[in-house]
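All remarks here apply to the structure that follows.
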Amino acid sequence: MAWVYILTNRKFGTLYIGATTDLVQRVWQHKGEFIPAFTKRYHLNRLVYFEEHQTIYGAMQRERTMKHWKAEWKVALIEKDNPEWDDLYWVIAPG
């Protein structure tokens, strides 16, 4: 399995789209700001959207496609299932 995910720092804030094979670990890395990159610089650690894919290749293709979307499309995707922009990490994290 693989995942595409969207992180932000606040509702309607800066968005980051990524792909991974281990969603829990990857989001934990972003939350701890262990990755010295864009997400650390802007404190993007709130998981507001994720979707499952059968392969990492499919997830990476979807990630690249979504990165070219208009901001309004990304916001609509988030708000479809997460209108309050809640942090979904606590939904996927074990106990």
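In terms of full-length UniProt numbering, the sequence shown has 9 at position 9, counting the first letter as 1, and numbering is strictly consecutive. Each residue gets a CB set at the ideal place from its N, CA and C atoms; glycine is no exception. Keep in mind that this is a model prediction, so the values were computed, not measured.
List the whole-angstrom C-beta distance separating residue i from residue j, where the pair is believed to meet the contact cut-off of C-beta under 8 Å.
{"i": "V48", "j": "N82", "result": "6 Å"}
Tell me whether residue i sits in a helix, a strand or coil according to DSSP, three-state version.
{"i": "T20", "result": "strand"}
{"i": "T39", "result": "helix"}
{"i": "W73", "result": "helix"}
{"i": "H53", "result": "strand"}
Quick one: what's got a C-beta closer than 7 Å to residue i's C-beta in the same chain, skipping five residues either side?
{"i": "K40", "result": "E33"}
{"i": "A93", "result": "V24"}
So residue i is in the beta strand (DSSP E); what residue range does that whole segment cover?
{"i": "W3", "result": "A2 to T8"}
Might you give, ordered along the chain, the residues of its own chain that have their beta carbon closer than 8 Å to the beta carbon of residue i, omitting 5 neighbours on each side?
{"i": "residue 158", "result": "Since the first and last residues shown for the chain are 1 and 95, residue 158 lies out of range."}
{"i": "K67", "result": "I17"}
In or out: residue i buried (at least 16 other Cβ within 10 Å) or exposed?
{"i": "W3", "result": "buried"}
{"i": "R46", "result": "buried"}
{"i": "F5", "result": "Note on identity: in this sequence residue 5 is Tyr, with Phe being the wrong assignment. Label assigned to Y5: buried."}
{"i": "T8", "result": "buried"}
{"i": "Y57", "result": "exposed"}
{"i": "F12", "result": "exposed"}
From what residue to what residue does the alpha helix (DSSP H) around residue i run?
{"i": "W90", "result": "Y89 to I92"}
So, for residue i: in the same chain, excluding its five sequence neighbours on each side, which residues have a beta-carbon less than 6 Å away from its beta-carbon?
{"i": "Q29", "result": "I35"}
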